[in-house]
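Following this note's numbering, the numbering of the sequence shown begins with 1 at its first residue and continues without gaps.
Note that the Cβ used here is the ideal one computed from N, Cα and C, for glycine as well.
The next block holds one structure in the form of structure tokens; read it before the comments.
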Amino acid sequence: MARRVWKEIEVKVPASEAWKVYSLQLAKILGEGLLGFFSKVEVVEGDGSAGTILHVSLPPRTGTAGLPWFKEKYTVVDDERRVKDAEVLEGGLMDLGFTLYRVGFGASIEHNLLSQDSP
């Protein structure tokens, strides 16, 4: 069985600026700024490009089904298309029997028509 969950979040900055966060800066922001959700995010290896591995620790009350950690690997990092995919390698949902758990990130530009006279 396979499922796909999609969530879009609007940010009030250019896509190029939002994308800069989706590097190792994201691990730092998550580890420091979201301590209620993540207790620790450590870079096991890599520089934020494909192949980078993170170890993510979750507080007991937010851990997925009581599973307090997981390791994930960036499998795709495409700065030109602003796409990043990561797969859980071990821990977390893998300990519940999942064979694949993939998370994707992307940054895109959405234009709004200001008036009918706009080109």
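Assignment of Ser-16 by DSSP, reduced to helix, strand and coil, places it in the helix class.
Between Ser-49 and Val-21, the CB-CB gap reaches or exceeds 8 angstroms. The straight-line gap separating the alpha-carbon atoms of Arg-82 and Leu-54 is approximately 20 angstroms.
Excluding its 5 nearest sequence neighbours in each direction, Ala-107 has C-beta neighbours in its own chain below 6 angstroms: Ala-15, Ala-18, Trp-19 and Arg-82, listed in chain order. In the DSSP assignment, Ala-86 is bridged to Tyr-74 and Val-103.
A check of alpha carbon separations from Lys-40 across Glu-8, Lys-7, Asp-85 and Lys-71 identifies Lys-71 as the nearest. Look at Lys-40 here: in three-state DSSP terms it is strand. Beyond the five residues adjoining it in sequence on each side, Lys-84 comes within less than 8 angstroms, by CB distance, of Tyr-22, Tyr-74, Val-76, Val-77, Asp-78, Gly-104, Phe-105 and Gly-106 in the same chain, given in chain order.
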